[in-house]
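Residue numbers (full-length UniProt numbering): 1 to 117.
A virtual CB, placed ideally from N, CA and C, is assigned to each residue, including glycine.
Scroll down for the structure; my scribbles are underneath it.
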């Protein structure tokens, strides 16, 4: 007979802990783009994620900075101020998680495309 596995979340659920950092419609997408580049400017993220509003992008980036997942650097260059973001070591530890999400999404999209034929 097979024993059923149940995680005791009284001490804190590890999945919940992970989702605390990457939940939000755009956080995982932002992290995905940061994984594949050393740094990303705010304007580049806005172009790479066409469905996100400026306000929502700013809020999600602020959350990720606050949580220590990404760093924000302001580069003063006259007449424009450039803002760039990059992963912190804590953010880099999420790379396997984000890549697993992307891989699953690619498989799902491929299967959905086949099923819709």
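Is the segment 21–37 close to the segment 52–65, with three or more CB pairs under 8 Å?
yes
For the 8 Å Cβ check, are there 3 or more pairs between the segment 77–97 and the segment 28–41?
yes
Following the continuous beta strand (DSSP E) through residue 87, name the residue where it begins and the one where it ends.
Residue numbering aside, residue 87 sits at position 87 when the chain shown is read from its first letter. Unbroken beta strand (DSSP E) run through residue 87: 80–87.
What's the gap between the Cα of residue 12 and the Cα of residue 92?
Start at 1 with the first residue of the chain shown, and residue 12 comes out as number 12. Start at 1 with the first residue of the chain shown, and residue 92 comes out as number 92. Roughly 22 Å separates the two Cα atoms.
Name, in chain order, the residues that DSSP records as bridge partners for residue 76.
Working through the chain shown from its first residue, we reach residue 76 at position 76. In the DSSP output, where bridge partners are listed per residue, residue 76 has 81.
Quick one: what's residue 40 bridged to in DSSP?
Reading the chain shown from its first residue, position 40 is the one you call residue 40. DSSP lists 85 as partners of residue 40.
Cutting at 7 Å between CB atoms, please list the residues of its own chain near residue 102, excluding the five before and the five after it.
Mapped onto the chain shown, residue 102 falls at position 102. Closer than 7 Å at Cβ, skipping near neighbours: 32.
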